[in-house]
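Student: Line order of the protein sequences matches chains A and B. Position one of the first sequence corresponds to residue 4 (our numbering), numbered consecutively onward. Position one of the second sequence corresponds to residue 4 (our numbering), numbered consecutively onward.
There are 2 protein chains.
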Amino acid sequence: MELLRVTYRIGGNAADAPARAEAIALEQTVEVPKPVALREPFIAREIVGRVESVEPAPDGGTHAVIAYPVATTAFDPAQLLGVLFGNTSLHADVQCVDFDPPASLCEALEGPRAGVAGLRDLTGVRGRALTCTAVKPLGHSPQALADLLRTFARAGIDVVKDDQGLANHEFCPFEARVEACLAAAEQVADETGHRVLYVPNLIGTPERVFAQLRFAEKRGARAVMVSPMLLGLPTFWELCHRHAGVPVLAHPSHAGAVRYAPELLFGKLLRLYGADAVIFVGYAGRFGIPRATCAAIAANLRAGWHGLAPSLPVPGGGIELRDVAEVVQFYGHDAMLLVGGSLQLEAGKLLERSRAYVEAVRAAPG
Amino acid sequence: MELLRVTYRIGGNAADAPARAEAIALEQTVEVPKPVALREPFIAREIVGRVESVEPAPDGGTHAVIAYPVATTAFDPAQLLGVLFGNTSLHADVQCVDFDPPASLCEALEGPRAGVAGLRDLTGVRGRALTCTAVKPLGHSPQALADLLRTFARAGIDVVKDDQGLANHEFCPFEARVEACLAAAEQVADETGHRVLYVPNLIGTPERVFAQLRFAEKRGARAVMVSPMLLGLPTFWELCHRHAGVPVLAHPSHAGAVRYAPELLFGKLLRLYGADAVIFVGYAGRFGIPRATCAAIAANLRAGWHGLAPSLPVPGGGIELRDVAEVVQFYGHDAMLLVGGSLQLEAGKLLERSRAYVEAVRAAPG
Numbered sequence: 004m005e006l007l008r009v010t011y012r013i014g015g016n017a018a019d020a021p022a023r024a025e026a027i028a029l030e031q032t033v034e035v036p037k038p039v040a041l042r043e044p045f046i047a048r049e050i051v052g053r054v055e056s057v058e059p060a061p062d063g064g065t066h067a068v069i070a071y072p073v074a075t076t077a078f079d080p081a082q083l084l085g086v087l088f089g090n091t092s093l094h095a096d097v098q099c100v101d102f103d104p105p106a107s108l109c110e111a112l113e114g115p116r117a118g119v120a121g122l123r124d125l126t127g128v129r130g131r132a133l134t135c136t137a138v139k140p141l142g143h144s145p146q147a148l149a150d151l152l153r154t155f156a157r158a159g160i161d162v163v164k165d166d167q168g169l170a171n172h173e174f175c176p177f178e179a180r181v182e183a184c185l186a187a188a189e190q191v192a193d194e195t196g197h198r199v200l201y202v203p204n205l206i207g208t209p210e211r212v213f214a215q216l217r218f219a220e221k222r223g224a225r226a227v228m229v230s231p232m233l234l235g236l237p238t239f240w241e242l243c244h245r246h247a248g249v250p251v252l253a254h255p256s257h258a259g260a261v262r263y264a265p266e267l268l269f270g271k272l273l274r275l276y277g278a279d280a281v282i283f284v285g286y287a288g289r290f291g292i293p294r295a296t297c298a299a300i301a302a303n304l305r306a307g308w309h310g311l312a313p314s315l316p317v318p319g320g321g322i323e324l325r326d327v328a329e330v331v332q333f334y335g336h337d338a339m340l341l342v343g344g345s346l347q348l349e350a351g352k353l354l355e356r357s358r359a360y361v362e363a364v365r366a367a368p369g
Numbered sequence: 004m005e006l007l008r009v010t011y012r013i014g015g016n017a018a019d020a021p022a023r024a025e026a027i028a029l030e031q032t033v034e035v036p037k038p039v040a041l042r043e044p045f046i047a048r049e050i051v052g053r054v055e056s057v058e059p060a061p062d063g064g065t066h067a068v069i070a071y072p073v074a075t076t077a078f079d080p081a082q083l084l085g086v087l088f089g090n091t092s093l094h095a096d097v098q099c100v101d102f103d104p105p106a107s108l109c110e111a112l113e114g115p116r117a118g119v120a121g122l123r124d125l126t127g128v129r130g131r132a133l134t135c136t137a138v139k140p141l142g143h144s145p146q147a148l149a150d151l152l153r154t155f156a157r158a159g160i161d162v163v164k165d166d167q168g169l170a171n172h173e174f175c176p177f178e179a180r181v182e183a184c185l186a187a188a189e190q191v192a193d194e195t196g197h198r199v200l201y202v203p204n205l206i207g208t209p210e211r212v213f214a215q216l217r218f219a220e221k222r223g224a225r226a227v228m229v230s231p232m233l234l235g236l237p238t239f240w241e242l243c244h245r246h247a248g249v250p251v252l253a254h255p256s257h258a259g260a261v262r263y264a265p266e267l268l269f270g271k272l273l274r275l276y277g278a279d280a281v282i283f284v285g286y287a288g289r290f291g292i293p294r295a296t297c298a299a300i301a302a303n304l305r306a307g308w309h310g311l312a313p314s315l316p317v318p319g320g321g322i323e324l325r326d327v328a329e330v331v332q333f334y335g336h337d338a339m340l341l342v343g344g345s346l347q348l349e350a351g352k353l354l355e356r357s358r359a360y361v362e363a364v365r366a367a368p369g
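Following this line, the structure appears as structure tokens:
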């Protein structure tokens with residue numbers, strides 16, 4: 004059985020680390036209590052992650068290596084992220100620090116198509132580092148950006164990319180910018196023989212990004228740039244492997260996105276983007292979120308907001324059956340409780356425990 | 004001019020906070036030194052963010068409120084994230100804690116289509132909190148999951164969702180799972196009159212997610228779930244507003260993704276997913292990344308790895324012209340330097356500064 008090995012750095016008390024590593028191995032695969040997972044031999048053998056080592060980390064904390072059967076990833080670019088770090092990313096003191104994919108996973112995801120060699124071929128640069136700069140700032144017209152590019156090209160810079168903040172603005176539409184910059188690059192190539200590699204920035208929802216790519220390639224762009232952590236890695240993979248004919252540069256914008264406060268991310272951003280119901284990990288359960296944060300998330304999801312419909316708050320993350328009534332009181336009636344593994348805890352008692360859950364919610368004063 | 008107000012929590016020394024807030028206002032809009040941004044009246048007036056207040060935060064640190072002209076967002080779901088937190092998310096001690104979008108932005112993004120009212124209509128639940136659970140764990144067959152659902156439905160639970168880890172696995176294909184669970188829900192509805200709302204989990208690249216949605220809707224699913232921070236918020240928006248006819252539940256999986264170590268995210272994940280070149284913020288510049296981290300990122304991008312092509316390391320993040328030679332020595336020749344705003348620093352000297360940059364890289368021993 005091929006294994007995907009992942010290293011986590013766990014903070015807090017080192018004595019707790021072995022148990023926490025076991026909890027991660029469950030969380031990232033079956034997300035039920037261990038006895039539930041072990042009931043089925045197939046699941047115990049071929050699904051559940053295994054803790055391989057728990058050692059002090061060189062920089063403090065503990066490093067735990069967990070081996071996941073690679074089949075859990077379904078060899079899918081999105082599901083892989085879920086196995087690597089899905090729910091565990093919500094523990095503030097756990098970091099995903101390394102992973103070691105088996106060959107089959109690398110084959111499935113494919114990696115760079117052009118890579119270093121392709122970019123050296125495109126630019127003709129050998130035996131030295133490459134030079135790159137950006138046309139910016141946001142607010143310039145396409146012609147002003149093309150003028151900048153012309154100067155950079157005349158100076159002999161190898162690669163000129165769009166600033167990652169250049170989108171499809173009214174004052175600088177994507178198409179006009181790409182055409183002006185490509186024309187400027189050609190003009191300098193005719194003058195000097197040096198053809199700078201102009202790299203347009205693609206940004207938007209998948210439909211828009213793929214349309215921008217088609218436009219840029221058709222007009223002669225020989226490379227493009229996106230911000231993968233802003234578009235989402237699965238969209239990035241599809242861009243690279245199902246759409247792009249040219250090399251793709253990755254920009255780090257939004258790569259630190261967890262630093263959104265939970266009240267903002269779960270309470271406002273997801274609602275603004277269209278979530279009808281938002282599941283979040285709450286105070287009751289295994290993630291230890293403060294009550295005040297939970298109350299703020301729920302309040303934000305329901306508040307009046309420029310006419311947007313409210314979203315349904317869905318607290319989850321390990322609510323136990325015994326806590327249900329209290330949780331309903333806390334959030335009130337305009338909420339949905341998500342109780343998962345707790346219902347399956349006692350073998351053969353699924354119906355009783357599920358009924359008890361339903362009764363507790365019906366009976367709670369809210 | 005309509006404004007998008009964003010609140011950041013800035014750590015570190017409170018005396019530095021006003022200057023850091025000014026730096027964020029530039030970083031999130033023009034990403035050039037202030038004198039460059041102020042040269043153009045249109046940019047100074049209608050693009051650059053303005054610091055409105057800098058106050059002690061109740062929980063320590065400093066809260067800075069910055070107002071951005073809303074036009075900088077291009078009213079685009081992806082570009083909005085770039086303006087909110089793009090590059091600034093890479094500062095470890097800055098958190099994005101709140102935002103206040105103007106009505107025009109809410110109108111453009113639209114928010115929930117069904118929301119609380121739509122979910123109450125779908126489930127018929129009034130005057131109490133809703134109940135939800137999940138079919139799991141990963142590893143069960145479609146029939147085993149449908150059996151669980153049948154029991155939950157008989158117990159009277161309102162909503163049963165897929166576990167967010169159920170993808171399109173060989174041992175439990177998406178289509179078979181959705182059909183089995185929908186059939187089980189109908190069977191119990193016929194028996195008892197209670198029609199549980201079964202919510203399939205969609206996961207994959209955009210093409211796969213949209214195909215899964217079409218399948219689920221066609222077979223009668225009345226709601227779906229995705230993990231927006233795993234798919235990416237722009238893909239989530241497009242799903243909600245361009246594809247889905249049914250309500251969408253948001254799962255928090257991967258919402259803490261910044262806790263990937265930079266060596267892993269920039270050095271391995273982006274390469275595995277297909278980046279031909281990876282821009283990252285390095286030690287030389289305004290983000291203060293340790294040299295050892297930068298060296299590890301570059302080494303990971305170039306290392307032999309199950310036959311994957313190497314990706315080109317592209318250090319950026321505020322390299323100054325005077326540091327270019329040293330940076331080339333640090334990374335060696337298989338790298339591309341990204342020098343941005345520094346080239347535009349002296350008005351009228353763009354060509355000279357660009358030439359000096361090119362010469363410095365050509366001359367560096369590497």
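Using N, Cα and C, we set each Cβ at its ideal position, and we do this for glycine too.
Counting C-beta neighbours from all protein chains within 10 Å, is the total for A:D124 16 or more, i.e. buried, or is it exposed?
Tutor: Working through the first sequence from its first residue, we reach residue 124 of chain A at position 121. By the 10 Å Cβ count, A:D124 comes out exposed.
Student: Is B:K271 buried or exposed, if buried means 16 or more other CB atoms sit within 10 Å of its CB?
Tutor: Taking the first residue of the second sequence as position 1, residue 271 of chain B is located at position 268. By the 10 Å Cβ count, B:K271 comes out buried.
Student: Mind pulling the chain A residues with CB within less than 9 angstroms of B:N171?
Tutor: Here residue 171 of chain B refers to the residue found at position 168 when the second sequence is read from its first residue. Neighbours of B:N171 on chain A, chain order: A77, D79, Q82.
Student: To test your reading of the DSSP string, which unbroken alpha helix (DSSP H) runs of 4 or more residues are found completely within the segment 116-178 of chain A?
Tutor: Here the runs fully enclosed are 118-126, 145-157.
Student: Is any non-hydrogen atom of the ligand MN found closer than 6 angstroms to the C-beta of A:P237, if you look at the structure I gave you?
Tutor: Absence of the ligand MN is noted for the structure shown, with no ligands found whatsoever.
Student: What's the C-alpha gap between A:F102 and A:Y11?
Tutor: The residue you call residue 102 of chain A lines up with position 99 of the first sequence. The residue you call residue 11 of chain A lines up with position 8 of the first sequence. Just so you know, the alpha carbons of A:F102 and A:Y11 end up roughly 9 angstroms apart.
Student: Identify whether B:G319 lies in helix, strand or coil by the three-state DSSP scheme.
Tutor: Stepping through the second sequence from its first residue, residue 319 of chain B is reached at position 316. Correct three-state label for B:G319: strand.
Student: I need the boundaries of the beta strand (DSSP E) containing B:T10, first residue and last residue.
Tutor: Numbered from 1 along the second sequence, position 7 holds the residue referred to as residue 10 of chain B. Unbroken beta strand (DSSP E) run through B:T10: 6-13.
Student: Tell me, please, whether the CB atom of B:E210 is closer than 7 angstroms to any CB atom in chain A?
Tutor: Residue 210 of chain B sits at position 207 when you count from the first residue of the second sequence. Answer yes: the Cβ-Cβ gap between B:E210 and chain A drops below 7 angstroms somewhere.
Student: How far does the beta strand (DSSP E) with A:F88 in it extend, from its first residue to its last?
Tutor: Numbered from its first residue, the first sequence carries residue 88 of chain A at position 85. Unbroken run through A:F88 is the alpha helix (DSSP H), 80-88; no beta strand (DSSP E).
Student: Using CA coordinates, which residue listed in B:D165, B:E194, B:T91 is at the minimum distance from B:E182?
Tutor: The count along the second sequence starts at 1 and reaches residue 182 of chain B at position 179. It is B:D165 whose Cα lies nearest to the Cα of B:E182.
Student: Round the Cβ separation of A:V331 and A:I322 to the nearest angstrom and send it over; I've been treating them as touching at under 8 angstroms.
Tutor: Taking the first sequence and counting its residues from 1, the one referred to as residue 331 of chain A is at position 328. Taking the first sequence and counting its residues from 1, the one referred to as residue 322 of chain A is at position 319. That belief does not hold up - the Cβ atoms of A:V331 and A:I322 are roughly 10 angstroms apart, past 8 angstroms.
Student: What residues of chain A sit near B:I50, judged by a beta carbon separation below 8 angstroms?
Tutor: Locating residue 50 of chain B in the second sequence gives position 47, counting from the first residue. Within 8 angstroms Cβ-Cβ: P140, L141, G142.
Student: In three-state terms, what does DSSP make of A:P72?
Tutor: Position 69 of the first sequence, counting from 1, holds the residue named residue 72 of chain A. DSSP places A:P72 in strand when its eight states are reduced to three.
Student: Would you call the segment 240-256 of chain A and the segment 220-230 of chain A in contact, with 3 or more CB pairs under 8 angstroms?
Tutor: The segment 240-256 of chain A makes contact with the segment 220-230 of chain A, as at least three CB pairs between them are under 8 angstroms.
Student: Please classify B:D279: is it buried, with 16 or more other beta-carbons within 10 angstroms of its beta-carbon, or exposed?
Tutor: Locating residue 279 of chain B in the second sequence gives position 276, where the first residue counts as 1. With 16 or more other Cβ atoms within 10 Å, it is buried.
Student: At least one CB of chain B closer than 7 angstroms to the CB of A:V451: is that the case?
Tutor: The structure shown does not extend to residue 451 of chain A, since chain A spans only 4 to 369, so no value can be given for it.
Student: Are there three or more Cβ pairs, one per stretch, closer than 8 angstroms when the segment 181-196 of chain A is compared with the segment 140-160 of chain A?
Tutor: Contact check between the segment 181-196 of chain A and the segment 140-160 of chain A: three or more CB pairs, one atom from each, fall below 8 angstroms, which counts as touching.
Student: Would you identify the three-state DSSP class for B:S357, choosing helix, strand or coil?
Tutor: On the second sequence, position 354 is the one that residue 357 of chain B refers to. In this structure, B:S357 counts as helix in the three-state DSSP scheme.
Student: Indicate whether A:S314 and A:V284 have their beta-carbon atoms separated by less than 7 angstroms.
Tutor: Residue numbering aside, residue 314 of chain A sits at position 311 when the first sequence is read from its first letter. Residue numbering aside, residue 284 of chain A sits at position 281 when the first sequence is read from its first letter. No, Cβ-Cβ distance for A:S314 and A:V284 is not below 7 angstroms.
Student: Please check the pair B:L112 and A:L275, which I expect to be a contact at CB under 8 angstroms, by giving their CB distance rounded to whole angstroms.
Tutor: Counting from 1 along the second sequence, the entry for residue 112 of chain B is found at position 109. Counting from 1 along the first sequence, the entry for residue 275 of chain A is found at position 272. Yes, B:L112 and A:L275 are in contact; Cβ-Cβ is about 5 angstroms, under 8 angstroms.
Student: On the premise that A:D326 lies in contact with A:I287, defined as a C-beta separation below 8 angstroms, what is that separation, rounded to the nearest angstrom?
Tutor: In the first sequence, residue 287 of chain A corresponds to position 284, counting from 1. In the first sequence, residue 326 of chain A corresponds to position 323, counting from 1. In the sequence on display, residue 287 of chain A carries Ala and not Ile. Yes, A:A287 and A:D326 are in contact; Cβ-Cβ is about 5 angstroms, under 8 angstroms.
Student: Does the distance from the C-beta atom of A:L152 to that of A:V163 stay below 7 angstroms?
Tutor: Within the first sequence, residue 152 of chain A is the residue found at index 149, counting from 1. Within the first sequence, residue 163 of chain A is the residue found at index 160, counting from 1. A Cβ-Cβ contact shorter than 7 angstroms links A:L152 with A:V163.
Student: Give the list of continuous beta strand (DSSP E) stretches no shorter than 3 residues that lie fully inside the segment 318-349 of chain B.
Tutor: Listed in chain order, they are 339-341.
Student: How do the segment 128-147 of chain B and the segment 335-347 of chain A stand: do at least 3 beta-carbon pairs fall below 8 angstroms, yes or no?
Tutor: yes
Student: Give the single residue among B:P38, B:Q146, B:C99 whose Cα lies nearest to the Cα of B:L84.
Tutor: Taking the first residue of the second sequence as position 1, residue 84 of chain B is located at position 81. Checked all of B:P38, B:Q146, B:C99; the closest Cα to B:L84 is B:C99.
Student: Check whether the segment 85-97 of chain A and the segment 27-36 of chain A touch, using three or more Cβ-Cβ pairs below 8 angstroms as the test.
Tutor: Judged by Cβ distances under 8 angstroms, the segment 85-97 of chain A makes contact with the segment 27-36 of chain A, as three or more pairs qualify.
Student: Am I right that B:P140 and B:W240 are in contact with their C-beta atoms under 8 angstroms? What's the rounded C-beta distance?
Tutor: Residue numbering aside, residue 140 of chain B sits at position 137 when the second sequence is read from its first letter. Residue numbering aside, residue 240 of chain B sits at position 237 when the second sequence is read from its first letter. Not really, about 30 angstroms apart at Cβ, beyond 8 angstroms.
Student: Spell out whether any CB of chain B is found under 7 angstroms from the CB atom of A:G90.
Tutor: Within the first sequence, the letter at position 87 stands for residue 90 of chain A. It is Asn, not Gly, that sits at residue 90 of chain A in the sequence shown. Cβ-Cβ to chain B under 7 angstroms: yes for A:N90.
Student: Considering only residues of the same chain and omitting the five flanking positions on each side of B:V128, which have a CB-CB separation below 6 angstroms?
Tutor: Sequence index remark: in the second sequence, residue 128 of chain B carries index 125 (1-based). Excluding residues within five positions, the ones whose Cβ falls inside 6 angstroms are D161.
Student: A:G344: which of A:E362, A:R289, A:A302 sits nearest, CA to CA?
Tutor: Taking the first residue of the first sequence as position 1, residue 344 of chain A is located at position 341. The shortest Cα separation from A:G344 among A:E362, A:R289, A:A302 belongs to A:R289.
Student: Look at B:P237 and A:T76 and say whether their C-beta atoms are less than 7 angstroms apart.
Tutor: The residue labelled residue 237 of chain B in the question sits at position 234 within the second sequence. The residue labelled residue 76 of chain A in the question sits at position 73 within the first sequence. Not closer than 7 angstroms, so no.
Student: Are the CB atoms of A:A17 and A:T65 within a distance shorter than 7 angstroms?
Tutor: Position 62 of the first sequence, counting from 1, holds the residue named residue 65 of chain A. Position 14 of the first sequence, counting from 1, holds the residue named residue 17 of chain A. Going by C-beta atoms, A:T65 is nearer than 7 angstroms to A:A17.
Student: Hey, how far is the Cα of B:Q347 from the Cα of B:P61?
Tutor: Along the second sequence, one-based indexing puts residue 347 of chain B at 344. Along the second sequence, one-based indexing puts residue 61 of chain B at 58. Going from the Cα of B:Q347 to the Cα of B:P61 covers about 39 angstroms.
Student: Thinking C-alpha only, which one of A:N171, A:P265, A:L108, A:P368 is nearest A:R294?
Tutor: In the first sequence, residue 294 of chain A corresponds to position 291, counting from 1. Comparing Cα-Cα distances from A:R294 to each of A:N171, A:P265, A:L108, A:P368, the minimum goes to A:P265.
Student: Tell me whether A:I282 sits in a helix, a strand or coil according to DSSP, three-state version.
Tutor: Mapped onto the first sequence, residue 282 of chain A falls at position 279. Judged by DSSP in its simplified three-state form, A:I282 adopts strand.
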